[in-house]
Amino acid sequence: MNTMKAQRGSYRRSGSCSSSTIPGIDGGEKNNQTQGEGNTGTESKEKLAIGGFGDLWKNLWGTQTKQEQQNDHKSLVGTLGSWGHKIGGIAKKAGEVAAYLAGDLIGVDGENIIDTFREWSSKAPPPEQIWKPLAAKFCRRFPGHPTCKDGNVPTFNEIPDVIEAVIREGGKYLPKVPKLLIPDPLMGIAHDLVKAAKEFVIHLGVISPEVGKIIKGVCETFKCMEQSKEQIAMKNTVTKKIFEFEKAVTGKDNTDNINFRLDRTMQVKQALLEKANLSDVVTAADNGVFESDVLLTEHQSNFLLNELGKAGEGVDVPPPGLGSENSTAEGSSAKLKRASLFFEENPIKKWDLQSPIPYTLDDSLDELDKEDIRGALKEIEEKTCIRFEYVESPTGYHINYMRVDSATFCGLSYIGRNEPANPIYLSFQCGNPRGVALHETLHALGIAHQHVRMDRDQHITLDWSNINPQQYDSFAVSDSKMFTTYGVKYDYGSIMHYNAYTAAVNLAKPTMIPKVDPEKNLAILGQRDAMSDTDIAIVKKMYCTPVQRLIGSNGCRARHESDWRDITT
């Protein structure tokens with residue numbers, strides 16, 4: 001065990017400076033959701049999957065041979081098949097039902113209303129005093145649902161139809177999407193330049209009819225409308241961990257707002273499918289995340305929904321936590337640079353570098369976990385102007401790293417600074433855990449995935465016939481209004497790029513094929529060894545002054561500006 005942990009904690013170090021050192025600290029993403037049986041949704045059951053899932057995710061991070069990938073896929077299918085039984089006992093005596101809800105389902109002190117209904121729909125009804133209060137909570141969460149009008153709640157027999165409706169069309173029943181005043185980046189530009197620029201615009205979620213036909217063809221043999229047990233397990237884990245974190249940080253039960261944020265995320269994913277004319281055959285993975293490892297804030301979801309033409313959709317009731325959402329794009333007075341899904345003046349918030357970024361390490365982490373995280377932060381410090389500072393008990397904005405024993409993802413993070421703080425959830429079950437921590441930390445700094453850049457299709461070919469349609473959001477090219485490359489070239493070796501086998505239906509075939517030197521570059525897609533030169537360049541363009549940018553990729557500061565070569569060209 002110690003040997004295995006030591007190997008897991010190792011990583012490739014960058015070169016060091018011979019003279020003065022840079023001040024620093026001491027010492028997605030599981031991208032493939034396979035079809036079929038999955039986890040039961042509890043952490044103890046997820047741990048059973050570590051062997052099968054852990055090796056499979058090595059495939060996604062580029063550390064396995066093709067033969068190993070095929071062997072692990074066969075092994076995983078057998079493992080998953082043995083989990084075909086369902087969790088029983090929910091419709092027993094009231095005390096057992098209450099214990100089940102509090103222990104295994106998430107929401108108000110441990111309940112997830114939709115998952116509870118899903119279980120109940122296939123069983124004898126529990127006592128009315130058990131299910132009816134939950135039906136009332138469902139109506140508080142989806143106030144626009146037809147069964148919730150005039151103070152009513154759904155009857156027990158209506159529950160199956162309720163479940164079907166809210167998964168596919170939940171956005172219609174949520175509080176109304178606010179209309180945001182999003183600046184047009186082409187405003188004020190000469191007419192001829194605007195006309196030329198619009199010829200290159202790729203709108204958020206839009207695909208060609210040919211691609212749409214291919215995706216619909218996949219759904220002829222793939223269960224595109226069903227939620228797998230793996231997706232349900234991930235949603236439960238995500239909800240539970242966010243609830244625990246925010247309760248610990250704020251001291252408040254923020255359940256309603258958490259559920260609302262995750263429902264908004266699902267609304268974004270469904271809106272993307274609708275934009276692509278796929279919503280009639282595909283239901284997005286309701287796993288609580290965007291692009292496999294990103295947690296969206298309420299405002300970020302509202303921003304995306306505005307861009308997808310969904311402003312005003314929903315019912316006229318205030319959302320949970322009303323007052324956090326403004327009538328205009330948050331931060332519109334600040335020029336916020338970013339290399340992410342969002343253009344200038346958008347809801348991605350930068351960190352204030354007047355002082356080091358505070359971070360803390362949760363008690364769930366062991367010493368090797370902490371070593372991996374410190375190594376990730378040290379690399380960012382050595383190669384950019386950003387500084388981090390460990391704080392035992394932070395208050396205010398900070399990054400909180402914690403371990404989650406889940407086989408359903410590698411890491412999760414918000415993009416940009418988040419309120420009240422930035423949790424980064426790491427499973428330490430994938431490839432290079434230091435690299436995963438680095439990837440998620442760059443998300444927290446405001447950097448998004450490489451493969452959703454507006455110019456993506458000039459550099460990689462997507463095999464849509466092999467992509468899980470339920471993960472369409474992981475491949476939807478962002479709207480040009482919300483995305484900028486800063487003139488930094490597309491980089492197959494970016495630590496923010498996904499693996500070539502991301503979301504593959506057939507794990508033996510890649511879903512992304514580089515257009516340049518495909519054999520060589522296929523192997524480096526999704527590398528988690530270190531930041532590439534372009535990763536470093538983007539962080540510097542976002543955060544560093546011209547003088548601070550003189551810190552080179554080897555971590556050393558150039559003596560003179562003339563000694564520094566601009567790596568962005």
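Read left to right, the sequence shown gives residues 1 to 569 (my numbering).
Glycine included, each C-beta is placed from N, C-alpha and C at the ideal position.
Check the Cα spacing between M542 and each of W464, S474, L445: the tightest is with L445. For E389, the uninterrupted beta strand (DSSP E) segment begins and ends at 388–390.
DSSP places R168 in the uninterrupted alpha helix (DSSP H) bounded by 159–169. Proximity of the stretch 492–501 to the stretch 518–530 meets the contact definition, three or more beta-carbon pairs being nearer than 8 angstroms. For the 7 angstroms CB-CB criterion, F290 and L296 form a contact.
Residue pairing of I513 in beta bridges, as defined by DSSP: T461. Using a C-beta cut-off of 8 angstroms, the stretch 217–226 makes contact with the stretch 274–288, since at least three inter-stretch Cβ pairs fall below that distance.
Using a Cβ-Cβ distance cut-off of 8 angstroms, the stretch 231–241 and the stretch 267–275 are not in contact, since fewer than three pairs of beta carbons, one from each stretch, lie closer than that value.
CA-CA distance, E169 to V177, rounds to 14 angstroms.
Within the stretch 235–293, the runs of alpha helix (DSSP H) that reach at least 4 residues and sit entirely inside it are, in chain order, 255–275. In this structure, T116 is the residue among T116, Q458, V249 with its C-alpha nearest to the C-alpha of A135. In this structure, F138 is the residue among F138, E371, L507, P175 with its C-alpha nearest to the C-alpha of I163. Beta bridge pairing from DSSP links N422 with I399. Rounded to whole angstroms, the gap between the alpha carbons of M512 and N157 is 45 angstroms. For R387, the closest alpha carbon among the candidates R140, P420, S532, L377 is that of L377. Under the three-state reduction of DSSP, T360 is assigned to strand.
For S413, the enclosing beta strand (DSSP E) covers residues 411–414. I159 has its alpha-carbon roughly 46 angstroms from the corresponding atom of L368. Counting along the chain, the unbroken alpha helix (DSSP H) around L445 starts and ends at 433–445. Under DSSP, L295 takes part in a beta bridge, and its partners are Y414. For N432, the closest alpha carbon among the candidates E371, K247, P126 is that of E371. Here E381 is not near G411, since their CB atoms are 7 angstroms or more apart. Boundaries of the alpha helix (DSSP H) harbouring E128: 128–141, taken from the DSSP string.
The C-beta separation of K310 from G171 comes to about 7 angstroms, placing the pair in contact by the 8 angstroms criterion. A distance below 7 angstroms separates the beta carbons of P175 and P319. When the five nearest sequence neighbours on each side are left out, the beta carbons in the same chain lying within less than 6 angstroms of the beta carbon of P394 are those of P358, T360, in order along the chain. For A124, the secondary structure class from DSSP, reduced to helix, strand or coil, is coil.
Ranked by Cα distance from W464, the first of Y397, C219, V317, K149 is C219. Of all alpha-carbon atoms in L462, R374, P423, the one lying nearest the alpha-carbon of V404 is that of P423. Put simply, of A476, T250, S122, Q267 the residue whose alpha carbon is nearest the alpha carbon of S301 is Q267. Residue pairing from DSSP places P175 in a beta bridge opposite V315. Here the alpha carbons of V153 and F428 stand approximately 43 angstroms from one another. The straight-line gap separating the alpha-carbon atoms of F243 and Y397 is approximately 18 angstroms. Out of G251, G416, A407, the CA that lies nearest to the CA of L426 is found in A407. Judged by DSSP secondary structure, D352 falls outside any alpha helix (DSSP H); it is assigned neither H nor E.
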